[in-house]
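Whatever position you read off the sequence shown (first residue = 1), add 7 for our numbering.
Don't be surprised by glycine CBs; every beta carbon is placed ideally from N, CA and C.
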Amino acid sequence: MFSYSVRHLQKTKFLHWSIVREFSKMTPAKEITIPIHNGHISGKVWNEGAPTVVLGLHGWLDNAGTWDTLAPLLPKSLSLVAVDFPGHGLSSHLPKGANSTFVDMVMIVERIVQHFEWKEVNLLGHSMGGGVSMLYAGTFPEKVKKIVMIDLIKPMSYPIDMQPDRTRESIEQTFKIENRLNNSPPSYDYATMVEKMVKSYGHSVTEESAKAILKRGSQKMRMEHIHSTMTPTEN
């Protein structure tokens, strides 16, 4: 990402000072909206206009807030464009009955690339976003310059003999979620919601990170102190 190749790593001191000189506080994030066929993709961009653009792709049930604490630490030569996948954050939700597969998300990335008219793109993906980055690079190799993946070994896959059971489980889970959407979403006070989110992720996220995600993943209700959210473990 920093345009330093492996062959330069022996020049540790030079590399260190080069990076330090590049670092400075990024400009505040700017909200963006990208129109698509069934609504819009929301996101935000830090350091708009910088020479090197990085597209940030978040993980499952997260949103562009994933990068809130990382973005200010990036070099001023980078512009970070972080988006909310459909059904996440502030982006449009999918129509009832529609599924979101890796192929669909690869298509969303290509829509974003075409929207900005990028000839090449650097991808920064966390978890699910890393899998999408890898699949996008395999599908459009000529458009990907570099990939950085966080918390990902490979895209999710299963042995062929497990596919029928996994397909059934996916269909049943989809129907369960559709039925849940007929009811009002659960609501909590803010402190409780932060606590539930930290616990639901097995304490793999800090309170600070949870709050960053909840900025785009929660919604204020009529009472000021009440928010609405869905956590990964909600039934």
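Checking the sheet assignment: what are the DSSP bridge partners for Leu-77? Walking along the sequence shown from the start, residue 77 turns up at place 70. None, per the DSSP bridge assignment.
Residues in the same chain with beta-carbon distance under 7 Å from Arg-173, minus the five sequence neighbours each way, listed in chain order, please. Taking the sequence shown and counting its residues from 1, one reaches residue 173 at position 166. Closer than 7 Å at the Cβ level, and outside the excluded window around Arg-173, lie Tyr-165.
If you compare alpha carbons, which of Met-141, Asp-69, Ser-107 is closest to Val-205? The count along the sequence shown starts at 1 and reaches residue 205 at position 198. Comparing Cα-Cα distances from Val-205 to each of Met-141, Asp-69, Ser-107, the minimum goes to Asp-69.
Taking Thr-40 as the reference, which of Leu-64, Ala-89, Trp-67, Asn-54 has the closest Cα? Taking the first residue of the sequence shown as position 1, residue 40 is located at position 33. The option with the nearest alpha carbon to Thr-40 is Ala-89.
Taking only runs that begin and end inside the segment 144 to 213, name each unbroken beta strand (DSSP E) of 3 or more residues, in chain order. 151 to 157, 194 to 196
Inspect the beta-carbon positions of Gly-72 and Lys-222 and report whether they are closer than 7 Å. Along the sequence shown, read from residue 1 onward, the residue named residue 72 stands at position 65. Along the sequence shown, read from residue 1 onward, the residue named residue 222 stands at position 215. Result yes, Cβ atoms of Gly-72 and Lys-222 sit closer than 7 Å.
Closest by CA to Leu-80, which one among Asn-106, Trp-53, Gly-94? Translated into the one-based positions of the sequence shown, residue 80 becomes position 73. Nearest of Asn-106, Trp-53, Gly-94 to Leu-80, Cα basis: Trp-53.
Just to confirm, is the Cβ distance from Ser-134 to Leu-101 under 7 Å? By 1-based counting over the sequence shown, the position of residue 134 is 127. By 1-based counting over the sequence shown, the position of residue 101 is 94. No, they are not a contact pair.
State the CB to CB distance for the pair Gly-224 and Gly-96, rounded to an integer number of angstroms; the pair is presumed to be in contact (CB under 8 Å). Indexing the sequence shown from 1 puts residue 224 at position 217. Indexing the sequence shown from 1 puts residue 96 at position 89. The Cβ separation is near 6 Å, so the contact holds.
Note down the Cα distance separating Ser-191 from Arg-175, rounded to an integer number of angstroms. Position 184 of the sequence shown holds residue 191. Position 168 of the sequence shown holds residue 175. About 27 Å.
Taking Cβ to Cβ, would you say Asn-129 is nearer than 7 Å to Lys-153? Locating residue 129 in the sequence shown gives position 122, where the first residue counts as 1. Locating residue 153 in the sequence shown gives position 146, where the first residue counts as 1. For Asn-129 and Lys-153, yes; Cβs fall inside 7 Å.
Cut-off 7 Å between Cβ atoms - residues of its own chain near Glu-29, not counting five sequence neighbours on either side: Translated into the one-based positions of the sequence shown, residue 29 becomes position 22. In this predicted model, Glu-29 has a pLDDT of only 49, less than 50, meaning its place in the structure is not dependable; the value taken from the coordinates is given anyway. Only Pro-82, Lys-83, Ser-84 meet the Cβ criterion.
For Gly-56, does the three-state DSSP call read helix, strand or coil? Residue 56 sits at position 49 when you count from the first residue of the sequence shown. It is coil, neither helix nor strand.
Can you tell me which of the three DSSP states Lys-126 falls into? What you label residue 126 is simply residue 119 of the sequence shown in a count that begins at 1. If DSSP states are grouped into helix, strand and coil, Lys-126 belongs with coil.
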